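*Asks:*
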Ligand code: MG
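Residue numbers (our numbering): 208 to 374.
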């Protein structure tokens, strides 16, 4: 069975993944409101992916003999000044997730809970990918600057993203 500390921390992580989904849905709504449907579609897939991450943790907590607890989620930002601001906010959020995952896996290591550490390894690798992807999008948006056509092109490109196959 999971220790109480790891149970609490895994549960917090689960809820933070759900909070991420909530943030991405809010960003999708903003993108849809300014008719950047490619970005909106990308954000919706991102939200679904975060729900998938939450489900993985939910199942793991259950498999280890404890129950997941749904906590209150903070209201995500709803107003943004620009597409770049949206992606910079997303990057900050992904970096926060990476830090949280790192702290969580450190806890698993210090408790010598190898099963939990192995479970978290997938997330650690995945999170490197997430930060890198969003960081690249921010770089491209910096290059594009105020060029509306460039923004539209990138939105269309990201709109090509397909859902990940469920593992
Ligand atoms: Mg995630």
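Where is the CB? At the ideal position from N, CA and C, for every residue including glycine. None of these values were measured; they are calculated from a predicted model.
Mapping the DSSP letters down to three states, classify residue 270 as helix, strand or coil.
*Replies:* Translated into positions along the chain shown, residue 270 becomes position 63. Looking at residue 270 - three-state DSSP - the assignment turns out to be helix.
*Asks:* Under 7 Å from any heavy atom of the ligand MG, does the C-beta of residue 210 make it?
*Replies:* Reading the chain shown from its first residue, position 3 is the one you call residue 210. Checking the Cβ of residue 210 against the ligand MG gives no.
*Asks:* Is residue 260 near the ligand MG, going by C-beta to nearest heavy atom under 7 Å?
*Replies:* Translated into the one-based positions of the chain shown, residue 260 becomes position 53. Yes, the ligand MG has a heavy atom inside 7 Å of this Cβ.
*Asks:* From what residue to what residue does the alpha helix (DSSP H) around residue 220 run?
*Replies:* To locate residue 220, count along the chain shown from 1; it is residue 13. 211 to 240 is the extent of the alpha helix (DSSP H) around residue 220.
*Asks:* Does DSSP put residue 297 in a helix, a strand or coil?
*Replies:* As a first step, residue 297 is located in the chain shown; it is residue number 90 there, counting from the start. It is helical.
*Asks:* For the ligand MG, is there any heavy atom lying closer than 7 Å to the beta carbon of residue 298?
*Replies:* Within the chain shown, residue 298 is the residue found at index 91, counting from 1. Not under cutoff, so the answer is no.
*Asks:* Residue 316 to residue 308, Cα distance in whole Å?
*Replies:* By 1-based counting over the chain shown, the position of residue 316 is 109. By 1-based counting over the chain shown, the position of residue 308 is 101. The alpha-carbon atoms of residue 316 and residue 308 are separated by roughly 12 Å.
*Asks:* Quick check on this structure: which residue in 230, 329 and 367 has the alpha carbon closest to the alpha carbon of residue 293?
*Replies:* Along the chain shown, one-based indexing puts residue 293 at 86. The shortest C-alpha separation from residue 293 is found at 230.
*Asks:* Spell out a yes or no on whether the region 219 to 228 and the region 248 to 262 are touching, meaning 3 or more CB-CB pairs, one atom from each, closer than 8 Å.
*Replies:* They touch, by the three-pair rule.
*Asks:* Label residue 341 either buried or exposed according to how many other C-beta atoms from any shown protein chain fall within 10 Å of its C-beta, with 16 as the threshold for buried.
*Replies:* The sequence position of residue 341 within the chain shown is 134, counting from 1. Flag for residue 341 reads buried.
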